[in-house]
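Sequential numbering of the sequence shown, starting at 1, is according to full-length UniProt numbering. Note that the Cβ used here is the ideal one computed from N, Cα and C, for glycine as well. Note that the structure is predicted; figures quoted are calculated from it, not measured.
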Amino acid sequence: MESYIPKHFDFRVRVFMEEPDFGKGVAQLLSLTREKGSLSAAYKSMGMAASKAWKILKRAEADLGVKLVERRSGGKQGGGSNLTPEGEDILKRYEKFHKEVAEAAKESFLKNFGDLGE
Numbered sequence: 001m002e003s004y005i006p007k008h009f010d011f012r013v014r015v016f017m018e019e020p021d022f023g024k025g026v027a028q029l030l031s032l033t034r035e036k037g038s039l040s041a042a043y044k045s046m047g048m049a050a051s052k053a054w055k056i057l058k059r060a061e062a063d064l065g066v067k068l069v070e071r072r073s074g075g076k077q078g079g080g081s082n083l084t085p086e087g088e089d090i091l092k093r094y095e096k097f098h099k100e101v102a103e104a105a106k107e108s109f110l111k112n113f114g115d116l117g118e
């Protein structure tokens, strides 16, 4: 095979109403928040600054017009975060859509460029 033929590809999948604010980062933040029960634990495990986490979450919520995460203040029981029903729904839909797009992209790449070198 010729040396100029690419062996790898990458793509972004973002969903939005007006601004492309819901993508891989927000999806990962939501998924980890669900898993850990805490937005703080989620962004820390991603190595993300609190300010960035809040910024991308607020932008996605503003664009979609719904709250994605419910936050609970601390106290005796401790604080935490849960996805709203809308947050759960959009995350589930995004993950399914992303998987389908990835499969189609891989198929197209193989058709046009050949083996991925796997």
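So, at 8 Å on beta carbons, what are the nonlocal neighbours of residue i in its own chain, with the 5 sequence-adjacent residues on each side left out?
i, result
"G37", "G80, S81 and N82"
"A50", "S40 and Y43"
Going by CA-CA distance only, name the one from the options that's closest to residue i.
i, options, result
"L20", "M46, R59, R34 and K92", "Looking at the sequence provided, one finds Pro at residue 20 rather than Leu. Among M46, R59, R34 and K92, the Cα nearest to that of P20 is on R59."
"A93", "F11, K24 and E18", "Checking the displayed sequence, the identity of residue 93 turns out to be Arg instead of Ala. For the residues F11, K24 and E18, the minimum Cα distance to R93 belongs to K24."
Measure the Cβ-Cβ separation of residue i and residue j and say whether it is below 9 Å.
i, j, result
"F16", "F22", "yes"
"M46", "L68", "no"
"L39", "L64", "no"
Report all residues from its chain with a CB closer than 6 Å to the CB of residue i; omit the five preceding and five following residues, and keep chain order.
i, result
"V66", "E86"
Straight-line CA distance for residue i to residue j?
i, j, result
"V13", "R72", "30 Å"
"E103", "F109", "10 Å"
"S31", "K99", "15 Å"
"K55", "K7", "35 Å"
"E88", "V101", "20 Å"
"K111", "G78", "53 Å"
"K96", "E2", "35 Å"
Please list, in chain order, all residues of the same chain as residue i whose beta carbon is under 7 Å from its beta carbon, the five residues on each side excluded.
i, result
"F113", "I5 and P6"
"L91", "A27, L30, S31 and L83"
"T33", "L39, A42, V69, S81 and L83"
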